[in-house]
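Engineer: Got a structure for you, questions after.
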Amino acid sequence: MFDEAAAAVSAALDAGAAYADARVVVTRSESIEVQNQNLSMFDQSERIGLGVRALMGSSWGFAATPDLSADSIRKTGERAAAIARASTTVAGPAMQFADVPIVQTSWETPHEQNPFDVSSAYKTDLLVNVTATMQAVDGISIANGSLNFWDTNKWFVSSQGHRIHQHLLESGGGFGATAIGESETQRRSYPQSYGQYETGGYEVVRAWDFEANAERVAEEAVALLTADEMDERETNLVLEGSQLALQIHESVGHAIELDRILGWEAAFAGTSHLELEKLHQHRYGSELMNITADATLPGALGSFGYDDEGTPAQRVDIVKNGTWVGVLSGRDSAAVAGLPPGGMVRGDGYNRLPMVRMTNVGLLPGEGSLGDIIADTDDGVYMATNRSWSIDDTRLNFQFGCEIAWEIKNGKLGRMLKNPTYTGITPHFWGSLDRLAGAGEWVHWGTPNCGKGQPMQTAHTGHSASPGRFANVRVGVRG
Amino acid sequence: MSHAEELVAKTLSLVGDRAEAEALAHVGRSSLTRFANSFIHQNVSEDEAVVSLRVAREGKVASSTATATDDDALAKLVDATITLANDQPVDNEWPGFGGPADIPEVDHWDDGTAADDPADRADAVREFVDAGEGMLAAGYCQTETIHKAYGNTSGRQASGRYTTAVMDGIHRTSTSAGSGHAAGSALGDIDAFAVGSLAADRARRSENPFDTKPGEYEVVLSPECIATIAIFLGFYGFNAKFAQEGTSFARVGEMQFDPAIDMCDDATDPRALYTAFDDEGTPKHRRDLILGGVTTSLVHNRRTAAKGGVDSTGHAFFGGDTDGAFASNVFIREGTSAVDDLIADVERGIYVSTFNYCRVLDPKTLVVTGLTRNGTFMIENGRVTDPVTNLRFTQSFVDALGPGNVLGVADNARFADSEFGATLIHAPSMRLGRFNFTGGAAG
């Protein structure tokens, strides 16, 4: 497929582009959904196509096609250049393109068993059995489970000489139980809301042992119907790892995207409360807050070999001992900001323009365990598993809801509480981080549904986290 | 015969008598010119040819989608899907494929938009930017040209075409932003300068906002806010799947909304977009969802219809059995008052231009949290006064439009960006008696 990509690059250059790159992408995906022991969907897709990016002056054009005939490839390269030319009529300032190593190489996701080699019946049976276990618990109305797998091959060619082939594998799934009351629904999920996803093969699914957790999840959903509501107050908040991972995603991951900071996402996703002039000075959180963007973490969902501009995957410090020190960037945004390119530009398939996306933006672990944190808390609440999330367009003002909570009294978990929510302002909240569990409970949580861009793109990102405690948080907000 | 129809026919002929099957094809081009800091920074165009196939053999069902559509690729798609279906357990709720059906004749199409000239989109961007007179502009201009075809082995066939065009953006200052939006089937019908002027006016008037205390306020909501409310009502409420499962608030026949609310789904309205059949080839006819405040019906795909013992209403999405059915041609009846007249009746309240990042806390109560964005203003003694910083709300969207809470409906209905789609909801501004703001700029 290198030849097809190279032909598109040549066509764009012949049509006047100063720089061009192209990706041929073949994405095979599988989606399995079971509800109440009934297979409601077994879907496979194969999306094959070519996307070409052309630069003319400081203006970009991008064109994509699923037709890989020679004529189509040439026309698509030319169209990318023509679109770039149209962009020049409302052009921005002169733009540099940050240098990166020019490589010809290949990379593959480490894995044990390709999920597409596992029989479809075996995968369906797992979900049927898990939903059967949940349905056996009195009070469960809806028991559902899902598995999703992606097998992606990319061939990247640039007019600067890149030739990179990557084979990426991503796997995962999850399940949930819903109990329905007179005027409420209560849900518990496993391993987290929307399931857990990682890079790797079917071993990812096996590692989470769905069967062993199905009954507990269902029983908790039913118990929530008769649990007490959480009072609105300020208190110590202990967050379970997957909820803390989403907190990182929303209030750190998006805020540090350089395209947002530069205003490139202002109309839709929004901007950022961060100002570049305050890099290395801005206090993001407490001394315990150490965040990295690390695309080299084995198994994490946001890991790869090279981004979609041909920049090698790398680990970048984002927050060090509470101080903001880094951003997520690509070759053009980094050049504008005068920073080194971070290799964080990815496109959602052949037909989407690569843009700055999170890789694995995670919080490095602290010490001890969740049990230690609870034991050291006189008064507070412990919340687990996300149920709702909302944050403003600068990533400052957030409100999260979780599936379940327990009160903490004198170092012990007490009553189960339903409909837990908490709200805060990003730097205040992170500034109140006063305990963080250690490496033994540090998990590479995956987010398979990060939306950004127009047309909409969905990215798969990772967020390593262990449970943590935050002081004086407003909890229990209700409508 | 369009290329989409050819792909459907070819796919079904490859299935032959080996299985029952349906095929769906979309062929066309989607282009989007995006701008920020007052220049075009992303400009994309995608040729599209997608075939989706679902097969059933003795109740065993599987589906596949492919973008490679040459003869060999289609043969591979068909063989793989049949093999996959053979390996599955029986789908106990499988409704089968629908028989022949008459599709309403609509043609929401514009030749000028179908020409897909990037220069036209760049011109629209230039007009939007110029309307700001030096303010920073950001947004997008999108055009879409699609031929869609459906066929199945039970004899159902449907085909159609549509174009869409959207102009959406903001102007901003160092302390404020304002938004504008327009959509329809023709780019030539959109006045990009007017859209930019509205955004610029909102941005200017919302400069240097002050913090106001959260709490319960009377509000006047723009069409964008009402469209967001309608999206949540549609997905979580009028979706028959969720009603059958017991997680929906909707109770057909009950007065759940204010008598001023009429809401329907109507792909045959001359202003509507898209085709008048869904992804199962079912015709879309006008469907009243709320009449005089009474919940009158739900929307179905074939699976929920079979379960409920009714006919599908034509609201299926391919691969969407997990999420159910969804109304995507929603019209909320406009009133007779100018927006200024709604505002004139408010002694103390808040005007909201758009909602942002709304998420549901519980589908059954439809309590949603979100924020205001792109222009939030105090209303005092019948007129808009000072801008205020963005507020967080936590509010049941059912109660927001509930009996007695809708104090006025404006005459300004248009396609409004719902946060989850720019061309799905046609809505007016409304004055609501109570709306619960739970947080301000300081949390």
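Just so you know, the protein sequences line up as chains L and X, in that order. 952 is the number of the first residue of the first sequence in our numbering; add one for each residue after it. 40 is the number of the first residue of the second sequence in our numbering; add one for each residue after it. For each residue, glycine too, the CB sits at the ideal point set by N, CA and C.
Taking 8 angstroms as the threshold (beta carbon to beta carbon), is E1260(L) in contact with chain X?
Structural biologist: Taking the first residue of the first sequence as position 1, residue 1260(L) is located at position 309. No, E1260(L) lies away from the interface with chain X (no Cβ there is under 8 angstroms from its Cβ).
Engineer: Can you tell me the Cβ-Cβ gap for Q1117(L) and F1255(L), rounded? I've got them flagged as a contact below 8 angstroms.
Structural biologist: Looking up residue 1117(L) in the first sequence gives position 166. Looking up residue 1255(L) in the first sequence gives position 304. Going by Cβ atoms, the distance from Q1117(L) to F1255(L) rounds to 7 angstroms, so yes, they are a contact pair.
Engineer: Quick check: what's the CA-CA separation for F356(X) versus D318(X)?
Structural biologist: As a first step, residue 356(X) is located in the second sequence; it is residue number 317 there, counting from the start. As a first step, residue 318(X) is located in the second sequence; it is residue number 279 there, counting from the start. Cα to Cα, the separation comes out at about 5 angstroms.
Engineer: How would you call R342(X), buried or exposed, if buried means at least 16 neighbouring beta carbons within 10 angstroms?
Structural biologist: Position 303 of the second sequence, counted from the first residue, corresponds to residue 342(X). Buried, since its Cβ has 16 or more Cβ neighbours within 10 Å.
Engineer: Can you check whether the CB of P467(X) is closer than 8 angstroms to the CB of A449(X)?
Structural biologist: Working through the second sequence from its first residue, we reach residue 449(X) at position 410. Working through the second sequence from its first residue, we reach residue 467(X) at position 428. In this structure, P467(X) lies closer than 8 angstroms to A449(X) by Cβ.
Engineer: When you compare the CB of S1092(L) with every CB in chain X, is at least one pair closer than 8 angstroms?
Structural biologist: Working through the first sequence from its first residue, we reach residue 1092(L) at position 141. Interface residue, yes.
Engineer: Alpha carbon to alpha carbon, how far is G331(X) from I418(X)? Give it in angstroms, no decimals.
Structural biologist: As a first step, residue 418(X) is located in the second sequence; it is residue number 379 there, counting from the start. As a first step, residue 331(X) is located in the second sequence; it is residue number 292 there, counting from the start. Straight-line Cα distance between these residues: approximately 28 angstroms.
Engineer: Taking the straight line between their C-alpha atoms, what separation do you get for E51(X) and L116(X)?
Structural biologist: As a position in the second sequence, residue 51(X) is number 12, starting the count at 1. As a position in the second sequence, residue 116(X) is number 77, starting the count at 1. It should be pointed out that residue 51(X) corresponds to Leu in this sequence rather than to Glu. Spanning the two alpha carbons is a distance of roughly 11 angstroms.
Engineer: Taking F1067(L) as the query, report the chain X residues whose CB atoms sit under 7 angstroms from its CB, ordered along the chain.
Structural biologist: In the first sequence, counting from the first residue as 1, residue 1067(L) sits at position 116. The contacting residues do not exist; F1067(L) stays about 11 angstroms from chain X at best.
Engineer: Under 8 angstroms: do the region 1040-1049 of chain L and the region 85-104 of chain X share three or more Cβ pairs, one atom per stretch?
Structural biologist: These segments do not touch.
Engineer: Pick from F1100(L), A1251(L), P1292(L) and V1287(L): whose alpha carbon is nearest that of P1263(L)?
Structural biologist: Taking the first sequence and counting its residues from 1, the one referred to as residue 1263(L) is at position 312. For the residues F1100(L), A1251(L), P1292(L) and V1287(L), the minimum Cα distance to P1263(L) belongs to P1292(L).
Engineer: Judging by CA-CA distance, which residue of T1274(L), G1123(L) and E1260(L) is the nearest neighbour of S1280(L)?
Structural biologist: If you number the first sequence from 1, residue 1280(L) lands on position 329. For S1280(L), the nearest C-alpha among the options comes from E1260(L).
Engineer: At the level of alpha carbons, what is the spacing between S301(X) and S351(X)?
Structural biologist: As a working mapping, residue 301(X) is identified with position 262 in the second sequence. As a working mapping, residue 351(X) is identified with position 312 in the second sequence. One detail in the question is off: residue 301(X) reads as Asp in this sequence, not Ser. Cα to Cα, the separation comes out at about 22 angstroms.
Engineer: Mind pulling the alpha helix (DSSP H) runs of 4 or more residues that sit fully within the region 356-428 of chain X?
Structural biologist: Counting whole runs of 4 or more residues, the region 356-428 of chain X contains the alpha helix (DSSP H) stretches 378-383.
Engineer: Would a C-beta distance cut-off of 8 angstroms place A1416(L) and A1196(L) closer than the cut-off?
Structural biologist: Position 465 of the first sequence, counted from the first residue, corresponds to residue 1416(L). Position 245 of the first sequence, counted from the first residue, corresponds to residue 1196(L). Result yes, Cβ atoms of A1416(L) and A1196(L) sit closer than 8 angstroms.
Engineer: Alpha carbon to alpha carbon, how far is V205(X) from T182(X)? Give it in angstroms, no decimals.
Structural biologist: Translated into positions along the second sequence, residue 182(X) becomes position 143. Translated into positions along the second sequence, residue 205(X) becomes position 166. Taking the straight line joining both Cα atoms gives about 7 angstroms.
Engineer: Taking the alpha helix (DSSP H) that S1023(L) belongs to, which residues open and close that run?
Structural biologist: If you number the first sequence from 1, residue 1023(L) lands on position 72. Segment A1021 to S1038, the alpha helix (DSSP H) holding S1023(L).
Engineer: Can you find a C-beta in chain L that's less than 8 angstroms from the C-beta of L123(X)?
Structural biologist: Indexing the second sequence from 1 puts residue 123(X) at position 84. At least one chain L Cβ lies under 8 angstroms of L123(X).
Engineer: Which residues of the region 997-1009 of chain L have a Cβ closer than 7 angstroms to any Cβ of chain A? Give them in chain order.
Structural biologist: Judged by its chain identifiers, the structure shown contains no chain A, and its protein chains are L and X.
Engineer: Can you tell me whether D1076(L) is helix, strand or coil according to DSSP?
Structural biologist: Sequence index remark: in the first sequence, residue 1076(L) carries index 125 (1-based). In the structure shown, D1076(L) sits in a helix (DSSP, three-state: H, G or I).
Engineer: If you compare alpha carbons, which of T1274(L), P1142(L) and N1080(L) is closest to E1238(L)?
Structural biologist: Mapped onto the first sequence, residue 1238(L) falls at position 287. Nearest option by C-alpha distance: T1274(L).
Engineer: Would you say the region 425-435 of chain X touches the region 471-481 of chain X, given that touching needs at least three Cβ pairs under 8 angstroms?
Structural biologist: Short answer: they touch.
Engineer: Can you give the Cα-Cα distance for L1175(L) and K1363(L), rounded to whole angstroms?
Structural biologist: By 1-based counting over the first sequence, the position of residue 1175(L) is 224. By 1-based counting over the first sequence, the position of residue 1363(L) is 412. About 19 angstroms.
Engineer: By the three-class DSSP mapping on this structure, what secondary structure does Q1137(L) have?
Structural biologist: Here the question's residue 1137(L) lines up with position 186 in the first sequence. Of the three classes helix, strand and coil, the one that applies to Q1137(L) here is strand, per DSSP.
Engineer: Would DSSP call W1275(L) helix, strand or coil?
Structural biologist: As a first step, residue 1275(L) must be located in the first sequence, where it is residue number 324. Looking at W1275(L) - three-state DSSP - the assignment turns out to be strand.
Engineer: Comparing alpha-carbon positions, which option in N191(X), I121(X) and A242(X) lies nearest V391(X)?
Structural biologist: Taking the second sequence and counting its residues from 1, the one referred to as residue 391(X) is at position 352. Minimum Cα distance to V391(X) is reached at A242(X).
Engineer: Residues of chain L with CB closer than 9 angstroms to the CB of C397(X), please, in chain order.
Structural biologist: For the purposes of this step, residue 397(X) is identified with residue 358 of the second sequence, where counting begins at 1. Going along chain L in sequence order, the residues near C397(X) (Cβ under 9 angstroms) are S1341.
Engineer: At which residues does the alpha helix (DSSP H) containing H1379(L) begin and terminate?
Structural biologist: Here residue 1379(L) corresponds to residue number 428 of the first sequence, with the count starting at 1. Unbroken alpha helix (DSSP H) run through H1379(L): T1377 to G1382.
Engineer: Can you grab the Cα-Cα spacing for the pair F288(X) / R1266(L), in whole Å?
Structural biologist: Start at 1 with the first residue of the second sequence, and residue 288(X) comes out as number 249. Start at 1 with the first residue of the first sequence, and residue 1266(L) comes out as number 315. Distance between the alpha carbons of F288(X) and R1266(L): 47 angstroms.
Engineer: So L1119(L) packs on T1150(L), CB below 8 angstroms; how close in whole Å?
Structural biologist: The residue labelled residue 1119(L) in the question sits at position 168 within the first sequence. The residue labelled residue 1150(L) in the question sits at position 199 within the first sequence. Contact holds; Cβ gap of about 7 angstroms.
Engineer: Give a yes or no on whether 8 angstroms exceeds the smallest Cβ distance from V83(X) to chain L.
Structural biologist: As a working mapping, residue 83(X) is identified with position 44 in the second sequence. Output row for V83(X): interface = yes.
Engineer: Please name the residue in R387(X), S367(X) and T267(X) whose C-alpha comes closest to that of V437(X).
Structural biologist: Within the second sequence, numbered from 1, the residue matching residue 437(X) stands at position 398. Looking at the Cα atoms, T267(X) is the closest of the given residues.
Engineer: Hey, quick one: how far does the beta strand (DSSP E) through Q196(X) stretch, first residue to last?
Structural biologist: What you label residue 196(X) is simply residue 157 of the second sequence in a count that begins at 1. Segment Q196 to R211, the beta strand (DSSP E) holding Q196(X).
Engineer: Looking at E1201(L) and A1335(L), is the spacing between their C-beta atoms short of 8 angstroms?
Structural biologist: Numbered from its first residue, the first sequence carries residue 1335(L) at position 384. Numbered from its first residue, the first sequence carries residue 1201(L) at position 250. In this structure, E1201(L) does not lie closer than 8 angstroms to A1335(L) by Cβ.
Engineer: For the region 1400-1411 of chain L, which residues have a beta carbon sitting closer than 7 angstroms to at least one beta carbon of chain X?
Structural biologist: Against chain X - using a Cβ distance shorter than 7 angstroms - the residues of the region 1400-1411 of chain L are Q1405 and P1406.
Engineer: In the DSSP assignment, find the beta strand (DSSP E) that holds F436(X) and state where it starts and stops.
Structural biologist: If you number the second sequence from 1, residue 436(X) lands on position 397. It is not in any beta strand (DSSP E) - F436(X) instead sits in the alpha helix (DSSP H) that spans F436 to A439.
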